[in-house]
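Chains as they are written, first to last, in the working numbering: chain W, 1 to 161; chain P, 162 to 614. Contents: one structure, followed by commentary.
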């Protein structure tokens, strides 16, 4: 489950009530196919996005007891940051070929659809295109590291207008 | 022996293989798709790798991801289970090229027996009896008509590349032949990407009788008795039992030896199943070979005390068979019921959903092979198997009683979830089943509708 948006007033009583209501709703919706719900009271609004499947929202889906954590331990995502995840399992490369300039560096601004990395699986180079436009805030994986499906590769942050 | 085995499967068989690894002191690696992140095998295995999304083409059937996961985790072997990549010679070849042992027969052997028409050809050469029909694909509808006319009706038209009970249709009369031929070809092309079909006589009163074999890489082979899987709907097995009550010791030896001879003649190594049809007069004819472990393997394990998954692993690790034919001692009777998330009152349509209640039965000689637990969601993306319930008893009568007791103890519920438990209860309560007078057409005869009303 993913907390998508939280905004508005910070009246603690109201906040508490809205959360309570949201929690009840979530419980009641368990097993249903509802994927999105919003609870609003005054200026305070909670939007919940439920994934149809059981998977951690931050892309760190390695949940098994003995699960491998090949990447760095997942950090709680920073507000507003957008994860770019591995489209498949394989070896992560930051540049189009060995020795070449990396696709992106931290601080670069990228457009949606722009290639930002390669994930290689059995000699097939799969280009990773950015799902969003934004500034590269953090690259979590080192060149040549092995990544699992949906592992977070880097975070983008919105570029202020 | 292997150090680490990657399990290229999911569900109950994934867990079954991981358990065998644990008992053998081998580390196990589970691979999983997104909806399987909380699955039992992921929790049980020593390591787990997220390989892709729900769609099997990008996860459990995606060879680069599975081989990549094996290479990364340092697995020296891959167990494919059943379904998915278990009978894919191309996958077995890539494993070999990557220095990973595929736990199963050699790719070229798999390719030969995987094509049902080729398998018929090979088994005929090995001297196994076949039903009248073709041993080569039938190319045109005219040819099909001529062949069917000479065999006599009804005939069954089967996709050479078919499996899992799909891609076969019966033509009852001459005027149905061309249409049935064309339909089957079209299905074969759509589902198996190979339009080749072959034709054989269709036996209305036949029993699906299959022999479990184990063959090592040194040319040794043994048979471990047979299973009767005649309770089927649309060619899919629902209840399996062993041994068959329609074979005496001499007949068991004859069909068992034929099965081993056939398997060894193609250079088979691993656990495998030779499927036969047993007619009313006790005559058997070869039908097809399954080059993998089967869903119903526990039936054989219960009556022989041989762990078939462990045997597969040992054979793949180049060990010679430690069991001889003389060691195989079939004791008692075992029955397996497949508990699927399906609605038996609605044409067995799948009923996926979250299991609020999952309380399996226990008690003496009662085995449940399942990956489910309370809160687990039976996914609409994969097959609907919830659990395999297997019981053993000294004789068939007592095994049926025990199965009825265990089925009544099995509690599964969830919103929208229906199971095949009521179906099994009705079959087991039916006098025809008690008497063992079941043929593969049992369900088509409308028994179920009568019993339900």
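From the three backbone atoms N, C-alpha and C, an ideal C-beta is built for every residue, glycine too.
Euclidean distance between Cα positions of residue i and residue j
i                      : j                      : result
residue 408 of chain P : residue 85 of chain W  : 58 Å
residue 149 of chain W : residue 314 of chain P : 53 Å
residue 191 of chain P : residue 182 of chain P : 12 Å
residue 367 of chain P : residue 393 of chain P : 12 Å
residue 538 of chain P : residue 502 of chain P : 11 Å
residue 156 of chain P : residue 79 of chain W  : Because residue 156 of chain P is not part of the residues shown, which for chain P are 162 to 614, the question remains open.
residue 505 of chain P : residue 581 of chain P : 6 Å
residue 285 of chain P : residue 568 of chain P : 42 Å
residue 574 of chain P : residue 594 of chain P : 27 Å
residue 621 of chain P : residue 497 of chain P : Absent from the model: residue 621 of chain P. The displayed extent of chain P is 162 to 614, so no value can be given.
residue 135 of chain W : residue 95 of chain W  : 18 Å
residue 339 of chain P : residue 348 of chain P : 14 Å
residue 253 of chain P : residue 268 of chain P : 6 Å
residue 132 of chain W : residue 337 of chain P : 57 Å
residue 209 of chain P : residue 234 of chain P : 9 Å
residue 350 of chain P : residue 490 of chain P : 44 Å
residue 452 of chain P : residue 434 of chain P : 7 Å
residue 174 of chain P : residue 374 of chain P : 19 Å
residue 276 of chain P : residue 124 of chain W : 30 Å
residue 596 of chain P : residue 438 of chain P : 19 Å
residue 524 of chain P : residue 587 of chain P : 22 Å
residue 507 of chain P : residue 330 of chain P : 22 Å
residue 188 of chain W : residue 92 of chain W  : With chain W running from 1 to 161 in the structure shown, residue 188 of chain W is simply not present.
residue 509 of chain P : residue 449 of chain P : 25 Å
residue 188 of chain P : residue 201 of chain P : 16 Å
residue 552 of chain P : residue 288 of chain P : 36 Å
residue 481 of chain P : residue 487 of chain P : 16 Å
residue 381 of chain P : residue 257 of chain P : 23 Å
residue 479 of chain P : residue 263 of chain P : 12 Å
residue 519 of chain P : residue 425 of chain P : 43 Å
residue 272 of chain P : residue 265 of chain P : 12 Å
Candidates the options, of which the one nearest residue i by Cα
i                      : options                       : result
residue 401 of chain P : P:480, P:600, P:168 and P:185 : P:600
residue 177 of chain P : P:195, P:421, P:509 and P:533 : P:533
residue 279 of chain P : P:164, P:597, P:573 and P:297 : P:297
residue 168 of chain P : P:227, P:563, P:223 and P:509 : P:227
residue 159 of chain W : W:107, W:95 and W:96          : W:107
residue 422 of chain P : P:353, P:283 and P:321        : P:283
residue 135 of chain P : P:162, P:180, P:163 and P:197 : In the structure as shown, chain P starts at 162 and stops at 614, and residue 135 of chain P therefore has no counterpart that could be examined.
residue 118 of chain P : P:397, P:273, P:391 and P:163 : With chain P covering 162 to 614 only, the question about residue 118 of chain P has no answer from this structure.
residue 395 of chain P : P:602, P:164 and P:186        : P:602
Inter-residue CB distance, residue i and residue j (contact presumed, cutoff 8 Å)
i                      : j                      : result
residue 531 of chain P : residue 521 of chain P : 7 Å
residue 416 of chain P : residue 387 of chain P : 6 Å
residue 541 of chain P : residue 511 of chain P : 7 Å
Test item: CB-CB of residue i and residue j under 8 Å
i                      : j                      : result
residue 221 of chain P : residue 194 of chain P : yes
residue 261 of chain P : residue 239 of chain P : yes
residue 370 of chain P : residue 389 of chain P : yes
residue 383 of chain P : residue 430 of chain P : no
residue 308 of chain P : residue 358 of chain P : no
residue 326 of chain P : residue 352 of chain P : no
residue 471 of chain P : residue 454 of chain P : no
residue 445 of chain P : residue 290 of chain P : yes
residue 301 of chain P : residue 360 of chain P : no
residue 576 of chain P : residue 546 of chain P : no
residue 312 of chain P : residue 346 of chain P : no
residue 550 of chain P : residue 584 of chain P : no
residue 152 of chain W : residue 130 of chain W : no
residue 229 of chain P : residue 90 of chain W  : yes
residue 493 of chain P : residue 556 of chain P : yes
residue 372 of chain P : residue 274 of chain P : no
residue 117 of chain W : residue 88 of chain W  : no
residue 529 of chain P : residue 554 of chain P : no
CB contact check: residue i to chain C, cutoff 8 Å
i                      : result
residue 140 of chain W : Here chain C cannot be found, since the structure's protein chains are W and P.
Cβ-heavy atom distance, residue i to the ligand PLP, below 7 Å
i                     : result
residue 93 of chain W : Ligands in the displayed structure: none, and consequently the ligand PLP is not present.
For the stretch 464 to 517 of chain P, which segments carrying the alpha helix (DSSP H) assignment without a break, of at least 4 residues, lie completely within its bounds, in sequence order?
469 to 477
Which residue spans inside the stretch 575 to 601 of chain P form an unbroken alpha helix (DSSP H) run of at least 4?
582 to 590 and 592 to 595
Segments of 3+ residues assigned as beta strand (DSSP E) that fall wholly inside the stretch 188 to 233 of chain P
188 to 194 and 208 to 213
List in chain order: all unbroken alpha helix (DSSP H) runs of 4+ residues lying wholly within the stretch 387 to 475 of chain P.
Every alpha helix (DSSP H) of 4 residues or more that sits fully in the stretch 387 to 475 of chain P is shown, in chain order, as 410 to 426 and 458 to 465.
Taking only runs of the alpha helix (DSSP H) that begin and end inside the stretch 336 to 362 of chain P, which ones reach a length of at least 4 residues, in chain order?
If one requires a minimum length of 4 residues, the alpha helix (DSSP H) runs lying completely within the stretch 336 to 362 of chain P are 338 to 353, in chain order.
Jot down the residue ranges of each uninterrupted alpha helix (DSSP H) in the stretch 296 to 342 of chain P, minimum 4 residues, whole runs only, in chain order.
302 to 312
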